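*Asks:* Take a look at this one; I'll ask things after.
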Amino acid sequence: IYQRAISRSCAPWYSSSQLAACLGFAADAGLWLDSFQQIHCLVAVNKQGNLLAFGDMHPGTGQIGRLYVEPDAQGSGLGTAVLKGLEELLRNAGHREAALESALNAHQFYLNRGYSSLGIVTLPFNGELFTQSRMVKQW
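Numbered according to the working numbering, the sequence shown spans residues 4 to 142.
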């Protein structure tokens, strides 16, 4: 999902070197698996058991990390369902808000779901710099 979502949904927003950095991360199974060690992950699958969406959050910080939906399933409500599930996990852990850094292509998605933009930040990832929107939702 990650590779397809980056390749299809993010391509208009990223340079070729940024896309290569994202896709290079996905190719390194060790980095990918290590990134799941301290987080909680939710997934959405179809009746055949195919993974259609996943999202993750860090219960200690209240930070939502990744949220990716299979490109052909975008707009189906799966991303919203996974996001709501992550928010519920944060509420159950005692957090009063969810925080995240959104890729620019997903900025409107989060605004439409009650998040506020706190400003634009530039963050390093896999040797490249990425412009993202720091966002928060309080409850």
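Cβ atoms here follow ideal geometry from the backbone N, Cα and C, with glycine treated the same way. Since the model is a prediction, treat every value here as computed from it, not as a measurement.
Going by Cα to Cα distance, which pick from L103, N129, S10 is closest to Q135?
*Replies:* As a first step, residue 135 must be located in the sequence shown, where it is residue number 132. Checked all of L103, N129, S10; the closest Cα to Q135 is L103.
*Asks:* Using only alpha-carbon positions, find the residue among N49, S18, V139 that is nearest to H98.
*Replies:* Walking along the sequence shown from the start, residue 98 turns up at place 95. Taking only the C-alpha atoms, the option nearest H98 is V139.
*Asks:* Under a three-way DSSP split, which group does A84 fall into?
*Replies:* Numbered from 1 along the sequence shown, position 81 holds the residue referred to as residue 84. Reduced to three states, the DSSP call for A84 is helix.
*Asks:* Going by the beta-carbon positions, is the gap between A14 and P62 smaller than 8 Å?
*Replies:* Here the question's residue 14 lines up with position 11 in the sequence shown. Here the question's residue 62 lines up with position 59 in the sequence shown. For A14 and P62, no; Cβs fall outside 8 Å.
*Asks:* In this structure, how does DSSP classify P74 when only helix, strand and coil are distinguished?
*Replies:* Position 71 of the sequence shown, counted from the first residue, corresponds to residue 74. The answer is helix: DSSP assigns P74 an H, G or I state.
*Asks:* If distances are taken between C-alpha atoms only, which option among K87, A76, R7 comes closest to W142?
*Replies:* Locating residue 142 in the sequence shown gives position 139, where the first residue counts as 1. The option with the nearest alpha carbon to W142 is K87.
*Asks:* Count the C-beta pairs between the segment 4 to 21 and the segment 69 to 87 that are closer than 8 Å, then say yes if the count reaches three, no if not.
*Replies:* yes
*Asks:* By Cβ distance below 7 Å, which residues in the same chain neighbour M60 in space, the five residues on each side in sequence not counted?
*Replies:* For the purposes of this step, residue 60 is taken as the residue at position 57 of the sequence shown. The beta carbon of M60 lies closer than 7 Å to those of I42, H43, Q66, I67, G68, L89, L92, L93 in the same chain, with the five residues before and after it left out.
*Asks:* With DSSP as the reference, label R11 as helix, strand or coil.
*Replies:* Translated into the one-based positions of the sequence shown, residue 11 becomes position 8. Correct three-state label for R11: helix.
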